[in-house]
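Numbering (this note's numbering), first residue to last: 215 to 555.
All C-beta atoms, glycine included, are put in the ideal place defined by N, C-alpha and C.
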């Protein structure tokens with residue numbers, strides 16, 4: 215099987231979806247859009263057939279009508295063959311018309327959203343995904359949950375540049391255009407976790423703009439798994455904050471001191487004897503550079519209003535604001551403290 219390993223920003227290497235076909239052409243179909251596969255394989259077979267036919271005819275002609283002696287006259291002076299030209303014009307036309315009709319029907323199926331579809335929102339920004347659930351104030355980042363065999367429509371929004379919402383297993387892809395709402399829908403048919411990519415180059419860390427789609431049972435969906443946040447102890451809060459870092463922050467902020475689009479989180483908190491205290495950071499505000507001590511308030515402000523106090527050296531880099539509740543901000547701070555040296 216031809217296959218590729220997939221690296222996501224959460225540091226996990228995923229093997230190819232099981233059940234990909236012999237040639238590695240398609241991931242397993244997990245939605246009701248089977249017409250995509252049918253048209254794909256029809257086109258695939260047509261291409262192979264005509265490649266073999268034309269290549270065979272060329273090789274046979276080269277061998278059959280090759281010049282055997284230097285002074286051998288031309289085998290024929292015929293300049294054209296009207297019936298043959300009609301045949302190789304009409305047959306491709308008919309095949310292309312079949313492809314058009316097949317594809318047009320499939321596109322219509324993707325246009326008409328069922329009346330019972332559940333509606334959610336996917337917001338794209340450099341370089342992560344934010345998901346908002348119907349009638350729910352809680353959002354999830356880097357992963358989204360849908361119910362199996364229940365149609366779902368995603369309202370797509372970009373807050374900065376052009377992105378694309380691409381779910382290979384669901385056979386859907388739609389550009390996410392800034393300043394314009396788009397939508398895409400599908401009915402997931404198989405339980406499991408699936409890859410969601412941005413399929414339009416959107417900047418430096420485009421390849422890290424990855425998310426996961428979780429298809430779960432109705433019972434699991436009713437438990438609202440996107441709203442499970444464990445901060446019962448500082449250790450649990452740090453674990454939750456670490457998962458949020460991987461899905462939301464890892465595309466711009468390193469943990470080892472490596473500068474990326476944004477400053478590294480290394481050194482934000484340091485050890486002072488047996489205690490962990492805020493580190494020093496040079497920031498820009500009021501038109502001048504200042505040294506501050508990192509604390510919860512600074513982290514919360516940087517998340518909600520990134521332009522208020524920009525780290526020195528990153529004044530020209532833009533960060534989009536995030537609306538995180540206090541529990542999640544504290545979880546991120548607890549995770550930052552685990553990096554203290």
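| query | So the beta strand (DSSP E) residue 343 belongs to, where does it begin and stop? | reply | Where residue 343 is concerned, the enclosing beta strand (DSSP E) stretches over 342-346.
| request: Compare the beta carbon distance of residue 370 and residue 353 with 7 Å and say whether it is the shorter of the two. | output: No, the Cβ-Cβ distance between residue 370 and residue 353 is not below 7 Å.
| Exposed unless 16 or more other CB atoms sit within 10 angstroms - verdict on residue 218 | The pLDDT assigned to residue 218 is 40, lower than 50, so where the model puts this residue is not dependable; a value taken from the coordinates is nonetheless given after this. Residue 218 is exposed by the Cβ-count criterion.
| message | Measuring straight from C-alpha to C-alpha, what distance separates residue 502 and residue 482? | response | Taking C-alpha positions only, residue 502 is separated from residue 482 by approximately 21 Å.
| said: Judging by CA-CA distance, which residue of 419, 426, 420 and 414 is the nearest neighbour of residue 408? | reply: Looking at the Cα atoms, 426 is the closest of the given residues.
| task | Could you work out which residue in 267, 250, 290 and 270 is closest to residue 321 when comparing CA atoms only? | result | Here the closest residue by C-alpha is 250.
| said: Given this structure, state the Cα-to-Cα distance separating residue 545 from residue 551, to the nearest angstrom. | reply: Cα-Cα distance, rounded: 10 Å.
| said: At 3 residues or longer, what runs of the beta strand (DSSP E) sit wholly inside the segment 474-503? | reply: Whole beta strand (DSSP E) segments, 3+ residues: 483-486, 489-492 and 494-499.
| message | Taking the straight line between their C-alpha atoms, what separation do you get for residue 486 and residue 415? | response | Going by the C-alpha atoms only, they are around 44 Å apart.
| request: Could you check the C-alpha separation between residue 431 and residue 405 for me, to the nearest Å? | output: In this structure, the CA atom of residue 431 is about 7 Å from the CA atom of residue 405.
| request: Kindly indicate which three-state DSSP category residue 536 falls into: helix, strand or coil? | output: Residue state for residue 536 is assigned as coil, using DSSP reduced to three classes.
| query | Would you report the Cα separation of residue 402 and residue 336, rounded to the nearest angstrom? | reply | Residue 402 and residue 336 have their C-alpha atoms some 17 Å from each other.
| query | residue 420 by DSSP, collapsed to three states: which one? | reply | Here DSSP, grouped into helix, strand and coil, assigns residue 420 to helix.
| query | Are residue 506 and residue 524 close, meaning C-beta to C-beta below 7 Å? | reply | No.
| request: Please report the residue range of the alpha helix (DSSP H) in which residue 518 lies. | output: Where residue 518 is concerned, the enclosing alpha helix (DSSP H) stretches over 510-518.
| task | Work out the CA separation of residue 345 and residue 334 for me, nearest whole Å. | result | Straight-line measurement puts the Cα of residue 345 at about 7 Å from the Cα of residue 334.
| task | Return the CA-CA distance between residue 330 and residue 323, expressed in angstroms with no decimal places. | result | Rounded to the nearest angstrom, the two C-alpha atoms are 15 Å apart.
| task | Just the C-alpha distance for residue 446 and residue 543, rounded to the nearest angstrom, thanks. | result | Computed Cα separation, rounded: 15 Å.
| said: Is the separation between the beta-carbon of residue 484 and that of residue 495 shorter than 7 Å? | reply: The criterion of a C-beta distance shorter than 7 Å is not satisfied by residue 484 and residue 495.
| said: By alpha-carbon positions, which one of 328, 386, 253 and 360 ends up nearest to residue 311? | reply: Checking every option, the nearest Cα to that of residue 311 belongs to 253.
| said: Applying the 10 Å Cβ sphere with the 16-neighbour rule, what's the burial state of residue 541? | reply: It counts as exposed.
| Can the beta-carbon of residue 418 be found less than 7 Å from the beta-carbon of residue 469? | It is not a contact, given that the beta carbons lie outside the stated cut-off.
| Roughly how many angstroms lie between the CA atoms of residue 272 and residue 262, to the nearest whole one? | Rounded to the nearest angstrom, the gap between the Cα atoms of residue 272 and residue 262 is 15 Å.
| Between which two residues does the beta strand (DSSP E) harbouring residue 410 extend? | Segment 406-412, the beta strand (DSSP E) holding residue 410.
| query | For residue 258, which of helix, strand or coil comes out of DSSP? | reply | DSSP places residue 258 in helix when its eight states are reduced to three.
| request: Express the C-alpha separation of residue 450 and residue 532 in angstroms, rounding to a whole number. | output: About 31 Å.
| request: Could you tell me which residues DSSP puts in a beta bridge with residue 506? | output: Under DSSP, residue 506 shares a beta bridge with 495.
| request: Please name the residue or residues paired with residue 462 in a DSSP beta bridge. | output: Bridge partners of residue 462: none, in fact.
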